[in-house]
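These notes are about the structure you will find just below.
There are 4 protein chains.
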Amino acid sequence: MAGNTFGKSFKLTTYGESHGAAIGGVIDGCPAGVAIDLSAVQRELDRRKPGQSKIVTQRKESDTVQFFSGIFEGKTTGTPIGFQIVNENQKSKDYSHIATTYRPSHADKTYTDKYGHRDYRGGGRSSARETACRVVAGAIAKQLFPQIKITAYTSSVGHLQLDKDYKDLDFSEIEKNDVRCPDPAFAKAMQEKILEIRKKGDTIGGTITCVLENVPAGLGEPVFDKLHADLAKAMLSINAVKGFEYGSGFEGARMTGSEHNDLYNQDGSTKTNRSGGIQGGISNGMDIYFNVAFKPVATLMQDQQTIDETGAEVTMKGKGRHDPCVLPRAVPIVESMAALVIADHLLRDQTTRLKTM
Amino acid sequence: MAGNTFGKSFKLTTYGESHGAAIGGVIDGCPAGVAIDLSAVQRELDRRKPGQSKIVTQRKESDTVQFFSGIFEGKTTGTPIGFQIVNENQKSKDYSHIATTYRPSHADKTYTDKYGHRDYRGGGRSSARETACRVVAGAIAKQLFPQIKITAYTSSVGHLQLDKDYKDLDFSEIEKNDVRCPDPAFAKAMQEKILEIRKKGDTIGGTITCVLENVPAGLGEPVFDKLHADLAKAMLSINAVKGFEYGSGFEGARMTGSEHNDLYNQDGSTKTNRSGGIQGGISNGMDIYFNVAFKPVATLMQDQQTIDETGAEVTMKGKGRHDPCVLPRAVPIVESMAALVIADHLLRDQTTRLKTM
Amino acid sequence: MAGNTFGKSFKLTTYGESHGAAIGGVIDGCPAGVAIDLSAVQRELDRRKPGQSKIVTQRKESDTVQFFSGIFEGKTTGTPIGFQIVNENQKSKDYSHIATTYRPSHADKTYTDKYGHRDYRGGGRSSARETACRVVAGAIAKQLFPQIKITAYTSSVGHLQLDKDYKDLDFSEIEKNDVRCPDPAFAKAMQEKILEIRKKGDTIGGTITCVLENVPAGLGEPVFDKLHADLAKAMLSINAVKGFEYGSGFEGARMTGSEHNDLYNQDGSTKTNRSGGIQGGISNGMDIYFNVAFKPVATLMQDQQTIDETGAEVTMKGKGRHDPCVLPRAVPIVESMAALVIADHLLRDQTTRLKTM
Amino acid sequence: MAGNTFGKSFKLTTYGESHGAAIGGVIDGCPAGVAIDLSAVQRELDRRKPGQSKIVTQRKESDTVQFFSGIFEGKTTGTPIGFQIVNENQKSKDYSHIATTYRPSHADKTYTDKYGHRDYRGGGRSSARETACRVVAGAIAKQLFPQIKITAYTSSVGHLQLDKDYKDLDFSEIEKNDVRCPDPAFAKAMQEKILEIRKKGDTIGGTITCVLENVPAGLGEPVFDKLHADLAKAMLSINAVKGFEYGSGFEGARMTGSEHNDLYNQDGSTKTNRSGGIQGGISNGMDIYFNVAFKPVATLMQDQQTIDETGAEVTMKGKGRHDPCVLPRAVPIVESMAALVIADHLLRDQTTRLKTM
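Protein chains in written order, with our numbering: chain A, 201 to 557; chain B, 201 to 557; chain C, 201 to 557; chain D, 201 to 557.
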């Protein structure tokens with residue numbers, strides 16, 4: 201039983217390989233009557249697009265999305281929304297050198313072990329190219345609940361860690377730099393670090409922080425589909441993600457209960473928010489915030505030792521156009537997956553949606 | 201659409217409130233013909249049981265599991281396995297003082313906001329008592345694949361962090377101390393810390409590390425149901441969990457690609473294992489390992505300021521029998537959820553299971 | 201991937217074998233705050249109970265349901281509802297004669313072929329005893345929408361076919377006779393037929409008609425989960441059912457469009473109702489009605505030739521306590537499955553529920 | 201929660217409106233390594249295509265399917281298969297006259313009631329045009345199990361009922377006539393009937409019989425996902441279907457047990473097959489056969505009285521190109537849905553697949 205559908209009520213099913221004819225998907229469960237701004241969808245895609253700045257891959261893809269159904273006269277009809285992005289950069293390349301070689305820390309070998317037969321061009325289905333479909337669906341999801349604000353930003357690159365509370369940052373700065381970090385000085389340092397790493401043909405990891413404001417109280421379906429459990433799954437399903445923490449996170453594990461507990465104000469809000477906006481798996485109306493750890497991109501512009509399908513040792517020549525740091529382009533992906541989780545839980549909930557939408 | 205089922209092929213559905221008549225569940229999808237050792241199930245439950253040592257809650261529950269179906273003449277029949285644990289300690293208590301009070305950092309308020317009507321006795325459904333059912337199902341799941349070894353242990357309590365690679369630890373030490381830490385000296389320090397915290401009527405958080413050995417290559421269903429994404433969801437669904445990281449985790453986010461990549465040996469294994477046994481969402485045959493962060497228990501044996509349903513400020517009197525630190529009892533829960541994920545993916549996979557079971 | 205869960209939003213998962221310790225289930229997805237009359241649940245179970253009249257099996261089972269969770273202070277809490285019926289008549293019987301024999305037109309051989317290992321006592325999981333759990337869940341479901349009226353009745357026994365429109369029948373007569381047929385004279389003829397058949401040690405089939413009144417317009421989820429498609433599946437999942445037709449049914453296949461089309465009144469209702477209350481898979485507010493065909497019970501009180509597991513021919517001695525005709529006890533099962541479908545679709549729908557509940 | 205996905209392990213998700221840009225879908229769960237003959241897929245589509253004979257609609261659509269993913273170097277890769285059929289005949293038509301009118305016995309009003317906002321062009325999503333996607337997926341499914349033979353044929357048109365056992369028919373005749381009836385003389389009579397009906401601007405219903413040969417024993421997942429229950433749902437999900445019966449069907453409801461029971465041969469096969477190849481919801485290795493009832497097409501080439509959205513009475517002018525009888529084109533749709541059910545159950549089963557594929 202394959203795993204290419206995300207969500208239970210607001211469901212996204214995707215298809216497509218990196219260098220196949222196209223990637224695309226179907227959104228099923230979007231309520232009828234929602235006005236959809238298609239240019240807003242394209243804008244989100246453009247934030248993820250290759251070639252948008254000098255610190256990301258220079259692969260050429262216009263990443264133009266087409267919609268085929270489910271939207272009529274500017275509004276959703278309640279029927280499935282089919283969409284597609286044609287792969288423009290997929291033609292006539294010679295992949296023979298990698299068809300039988302396993303790139304280190306890539307999925308080449310595990311796909312071969314699992315499926316026996318794989319599309320080896322550009323990583324095939326294992327390429328992060330598929331996340332473009334998530335951004336399309338996330339951009340639709342966001343239009344269901346315009347009052348909820350979802351903001352992600354690059355909070356660390358390598359050892360450069362932005363140790364500021366999200367409340368002390370100016371989110372309007374995020375899109376003003378290529379790194380998507382809301383602290384301009386820090387963004388500059390990160391950018392220089394990435395350029396330095398790129399010059400070496402190396403890559404670097406980092407973290408993204410995401411904040412959800414104005415989420416209504418009541419979202420989340422214990423005991424298994426707790427809101428943060430679904431956020432964790434959503435984030436870990438993104439390529440290169442190695443960790444997730446929300447609210448106090450790993451730091452909270454070092455605290456005592458008397459330090460950690462969030463005391464109530466009389467209006468039901470809490471004086472502190474170590475709970476990260478979720479208690480018992482259900483949103484409480486406070487901000488939801490979490491961190492996502494990304495490992496460095498595995499494809500290096502350096503030679504690496506590896507093996508081929510026969511187990512013979514080969515040297516992998518570094519070449520091509522790859523991201524030295526995945527963070528800047530991952531920011532809209534994190535936001536999109538968060539939007540999918542929120543949309544799914546809004547629709548799953550029996551009562552909260554009614555007060556909200 | 202509620203969320204009390206875990207898994208898609210090996211499915212666990214649970215029910216039950218902390219102080220209702222019973223908790224229980226149904227396992228659907230367990231293959232036929234598997235020999236089941238029921239005493240092994242009870243042994244796992246005993247590891248989670250209250251009252252097992254002086255550093256856990258002294259609530260009295262024998263936690264004896266009964267099976268009603270799906271097992272016949274010592275083997276599974278392929279039909280659903282119904283089971284139950286009677287709540288023995290649920291009677292005749294006066295809950296009037298908490299029925300309308302919201303305990304800080306508990307789910308009292310969010311359950312009320314979401315459902316309107318809740319069973320307030322002992323936390324009702326939001327109590328970690330429901331995890332006993334997960335341990336039952338996990339203990340059944342483990343018997344499907346005896347060759348896979350799942351080991352969890354307490355790796356930190358508060359600031360006491362065991363900074364050793366799991367490979368340098370002697371797992372046979374884990375069950376020899378109450379904390380379930382494989383380093384005896386460290387276990388002693390942790391135990392003293394917990395007793396000290398308890399004396400203050402406070403509680404403390406910590407982390408559990410879990411290692412899965414002999415998992416066959418090929419498990420995981422990209423792009424959404426990646427093996428580590430389902431592990432993350434499983435862990436975050438456990439009460440009090442705030443974070444998850446696998447392989448290099450958050451530390452990996454600080455590395456460069458040339459530092460992070462796992463190079464291959466000729467037999468297809470890797471020289472290092474920063475990937476944590478999973479590449480592209482699919483197991484590669486190396487050890488899978490991950491860390492789980494638990495916040496401190498919210499119930500304190502100290503007075504706390506809080507509010508009731510009307511928003512009036514009240515003082516919560518600390519009393520009762522609660523865990524000063526959830527880690528020791530959470531070890532079998534983490535193992536059980538890992539076992540459920542592995543069982544589910546073994547059954548979902550089209551080919552790996554055949555080579556394995 | 202096993203199949204013991206029915207429904208997507210209002211979900212019933214059941215377990216239990218005919219002669220195991222107990223049968224039971226979990227209802228997940230019932231909204232919070234619904235007042236539940238537990239005696240009404242037991243009354244529905246009593247309509248399905250063995251021994252209730254002389255034309256059904258005389259097996260002794262009190263069929264008393266116990267609830268463990270999800271209902272508190274008389275109302276649902278939104279958490280899963282666990283329930284159970286203890287099997288009282290399951291002990292100390294000698295099944296050695298049937299353990300290795302395949303009863304004709306029973307599931308003995310297919311269960312053995314599929315699972316390898318089966319609980320052969322009284323048919324195990326394949327026994328219609330499991331339908332008692334469906335009746336429990338259906339009785340809960342009905343309490344979600346008291347304004348919807350679901351009525352089933354025996355419309356034929358063998359060749360005795362009640363050729364009357366349901367509108368010309370007095371439903372208050374149904375529970376006044378053992379056959380559950382709303383036409384008293386016809387009921388008497390059916391009853392005599394069943395007694396005559398029983399005297400021969402034989403069994404007989406028949407049909408049940410079911411009518412759903414006051415179903416709101418808007419239920420059903422095309423293109424696959426059309427309301428009537430889910431009703432069909434629900435009915436065919438009941439033991440011994442061989443066919444389903446709704447509205448004009450098989451008779452409609454003999455008609456022309458000009459004969460068949462339902463013309464509109466100005467209020468949006470239709471002058472005729474060959475559509476059976478559903479158009480394009482979505483309820484239109486008119487009555488929903490359908491017929492369900494039951495084959496004769498396979499267990500005869502006559503000797504039959506059959507084979508055992510080795511393929512050797514054996515004579516099956518007719519004995520025991522079985523239903524000569526399943527129809528009277530199947531009436532509440534049909535109603536219950538219809539109630540589960542309606543509850544599921546009410547909760548799945550994005551807007552209709554709001555107008556209704 | 202919408203309903204545009206069919207299947208649990210072999211899953212088809214479709215999208216598309218009759219007169220939108222395109223219809224299409226995603227098949228998720230197709231095992232890797234299956235050789236796919238794309239021309240065989242197109243051949244199946246051609247059997248469903250409009251304009252193929254004079255007894256079906258003359259709408260012009262080439263119905264050419266394009267595949268985008270999941271098939272590489274002629275074989276499936278285990279990743280999702282995305283496909284699409286462009287709507288060629290959808291442009292520049294004036295729909296203003298039907299945009300606000302409810303056609304009798306169509307889904308116009310129920311879609312409006314449910315969704316508020318609908319694509320009214322050509323019936324939008326409620327059009328049987330979406331079944332083309334089912335035929336694509338069914339044609340892929342069939343290639344998973346070439347040894348299983350699925351054959352459907354027109355068994356009645358109006359009152360012209362072919363009263364022959366399927367075993368006495370020559371299936372090679374089916375594709376030799378436009379009606380797709382295996383009895384040439386009967387086919388001729390049916391064809392004349394359809395032409396006569398068409399001349400009147402009327403339409404006519406009928407039945408399709410479907411036979412599945414060489415299905416392995418062991419398919420089906422009781423208690424809810426019985427093989428025949430899923431076949432029933434599959435068939436009832438097809439536009440215009442009003443009934444389903446398998447094996448002895450409604451006729452079986454008139455029989456006694458001693459007449460109905462299938463006695464065993466020593467090899468485990470049965471002397472008769474009133475069970476229709478399924479016992480207890482699980483295939484037994486005998487032929488599976490069933491009948492499907494189709495009502496007459498609702499669109500007439502005659503004037504009809506109806507209402508518009510305001511409730512005002514209007515006269516619907518009959519015009520356009522529609523099927524006088526849906527049966528000939530529905531034959532491949534019935535086969536395709538049967539193939540989807542079989543593929544899904546083969547993949548869900550824990551052991552049967554292994555013996556089979």
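C-beta atoms are modelled at their ideal positions from N, C-alpha and C, and glycine is treated no differently.
Need the endpoints of the beta strand (DSSP E) that Ala332(A) sits in, please. First-last for Ala332(A): 331-342, but that is the alpha helix (DSSP H), not the beta strand (DSSP E).
What ranges does the beta strand (DSSP E) occupy inside the stretch 268-329 of chain A, keeping only unbroken runs of at least 3 residues that lie completely in it? Listed in chain order, the complete beta strand (DSSP E) runs (minimum 3 residues) inside the stretch 268-329 of chain A are 281-286.
Complete alpha helix (DSSP H) runs within the stretch 383-467 of chain D (minimum length 4 residues, chain order): Listed in chain order, the complete alpha helix (DSSP H) runs (minimum 4 residues) inside the stretch 383-467 of chain D are 384-399, 427-436, 449-452, 457-460.
contact_flag[the stretch 262-282 of chain B, the stretch 309-317 of chain B] where n(CB pairs < 8 Å) is 3 or more: Touching, no, given that fewer than three Cβ pairs across the two stretches are closer than 8 Å.
How far does the beta strand (DSSP E) with Leu212(D) in it reach, from first residue to last? For Leu212(D), the uninterrupted beta strand (DSSP E) segment begins and ends at 211-215.
Spell out whether any CB of chain C is found under 8 Å from the CB atom of Gln479(A). For Gln479(A), the answer is no, since every Cβ of chain C falls outside 8 Å of its Cβ.
Step through the CB atoms of chain C and report whether any lies within less than 8 Å of the CB of Gln343(A). It does not: the Cβ of Gln343(A) has no partner Cβ on chain C nearer than 8 Å.
May I have the straight-line CA-CA distance separating Gln343(A) from Lys275(A), to the nearest angstrom? Gln343(A) and Lys275(A) have their C-alpha atoms spaced approximately 11 Å apart.
With burial defined as no fewer than 16 other Cβ atoms inside 10 Å of the residue's Cβ, what is the status of Leu554(C): buried or exposed? At Leu554(C), the pLDDT of 46 sits below 50, so the modelled position is not reliable; the number obtained from the coordinates is stated separately. Looking at its Cβ environment, which holds fewer than 16 other Cβ atoms inside 10 Å, Leu554(C) is exposed.
Gln258(B) touches chain A at which residues, Cβ-Cβ below 8 Å? Near Gln258(B) there are no residues of chain A at all, since even the closest Cβ is about 18 Å away, more than 8 Å.
Distance between Ala387(D) and Val379(D) (C-alpha atoms, nearest Å): Rounded to whole angstroms, the separation of the alpha carbons of Ala387(D) and Val379(D) is 6 Å.
Return the chain-ordered list of same chain residues with a C-beta closer than 7 Å to the C-beta of Glu445(A), the five sequence neighbours on each side being excluded. So the qualifying residues of the chain are Phe490, Asn491.
Any chain A beta carbon closer than 8 Å to Lys555(C): Residue confidence for Lys555(C) is low, a pLDDT of 46 falling below 50, so the modelled location carries little weight; the figure read from the coordinates is stated next. Chain A, which has no Cβ nearer than 8 Å to the Cβ of Lys555(C), makes this no.
Which residues mark the beginning and the end of the alpha helix (DSSP H) in which Asp544(B) is found? Segment 527-548, the alpha helix (DSSP H) holding Asp544(B).
Please report whether the beta-carbon of Pro346(C) lies at a distance below 8 Å from any beta-carbon of chain D. It does not; no Cβ of chain D falls within 8 Å.
Identify each residue in the stretch 442-458 of chain A for which the Cβ-Cβ distance to at least one residue of chain B is less than 9 Å, and report them in chain order. Against chain B - using a Cβ distance shorter than 9 Å - the residues of the stretch 442-458 of chain A are Lys442, Gly443, Phe444, Glu445, Tyr446, Gly447, Ser448, Gly449, Phe450, Glu451, Gly452, Ala453, Arg454, Met455, Thr456, Gly457, Ser458.
Check the Cβ of Gly216(B) against every Cβ in chain C and list those closer than 7 Å, keeping chain order. Near Gly216(B) (Cβ distances below 7 Å), the residues of chain C are Phe268, Ser269, Gly282.
With distances taken between CB atoms, is the gap from Phe424(A) to Gly203(B) smaller than 8 Å? Contact flag set, yes.
For Thr312(C), collect the residues of the same chain with a Cβ closer than 8 Å to its Cβ; drop the 5 residues on either side in sequence, then sort them by chain order. Taken in chain order, the residues that qualify are Tyr302, Arg318, Glu509.
Just the C-alpha distance for Ser448(C) and Asp487(D), rounded to the nearest angstrom, thanks. Spanning the two alpha carbons is a distance of roughly 29 Å.
Consider the Cβ of Lys208(A): report whether some Cβ of chain B lies at a distance smaller than 8 Å. It does: the Cβ of Lys208(A) has a partner Cβ on chain B nearer than 8 Å.
Exposed or buried, which one is Gly225(B) when buried takes at least 16 other CB atoms within 10 Å? Residue environment: Gly225(B) is assigned as buried (16 or more neighbouring CB atoms within 10 Å of its CB, all protein chains considered).
Kindly indicate which three-state DSSP category Phe345(C) falls into: helix, strand or coil? In the structure shown, Phe345(C) adopts coil according to DSSP, grouped into three states.
Chain D contacts made by the stretch 322-335 of chain C, where a contact means CB separation under 7 Å: Cβ contacts with chain D come from Arg325, Ser326, Glu330.
Beta-carbon proximity list for Ile394(D), same chain, < 6 Å, skipping 5 on both sides: Cβ within range, chain order: Ile255, Pro524, Cys525.
In whole angstroms, what is the alpha-carbon distance linking Met467(B) and Thr499(A)? Before going on, a small fix: residue 467(B) reads as Asp here, not Met. Going by the C-alpha atoms only, they are around 22 Å apart.
What do you reckon, are the CB atoms on Ser469(D) and Gly418(D) nearer than 8 Å? No, Cβ-Cβ distance for Ser469(D) and Gly418(D) is not below 8 Å.
DSSP on Thr556(A), reduced to helix/strand/coil? Any answer about Thr556(A) is weak, because its pLDDT of 43 lies below 50 and its placement is not dependable; what the coordinates show is given next. It is helical.
Cβ-based burial, Tyr295(D) [other Cβ within 10 Å; buried from 16]: With fewer than 16 other beta carbons inside 10 angstroms of its own, Tyr295(D) counts as exposed.
Less than 8 Å between CB atoms is the rule here; does Pro304(B) satisfy it with respect to chain A? Yes, contact with chain A.
Return the chain-ordered list of same chain residues with a C-beta closer than 7 Å to the C-beta of Arg390(B), the five sequence neighbours on each side being excluded. First, the residue type needs correcting, since residue 390(B) is Met and not Arg in the sequence shown. The beta carbon of Met390(B) is closer than 7 Å to those of Thr354, Val357, Leu360, Val379, Cys381 in its chain, skipping five residues each way along the sequence.
Answer with yes or no whether the minimum CB distance from Met201(A) to chain C is below 8 Å. Taking Cβ atoms only, chain C reaches closer than 8 Å to Met201(A), which makes this a yes.
Min CB distance Glu421(A) to chain B below 8 Å: Interface residue, yes.
Does any residue of chain A have a CB that is nearer than 8 Å to the CB of Ala232(D)? With a threshold of 8 Å between beta carbons, Ala232(D) makes contact with chain A.
Check the C-beta distance from Asp462(A) over to Ser305(B) and give it rounded, since I have them as a contact under 8 Å. Your pair Asp462(A) and Ser305(B) checks out as a contact, with CB atoms roughly 5 Å apart and the cut at 8 Å.
Run down chain B in chain order and give the residues with a C-beta less than 7 Å from the C-beta of Tyr295(C). Within chain B, no residue has its beta carbon less than 7 Å from that of Tyr295(C); the closest one is some 11 Å off.
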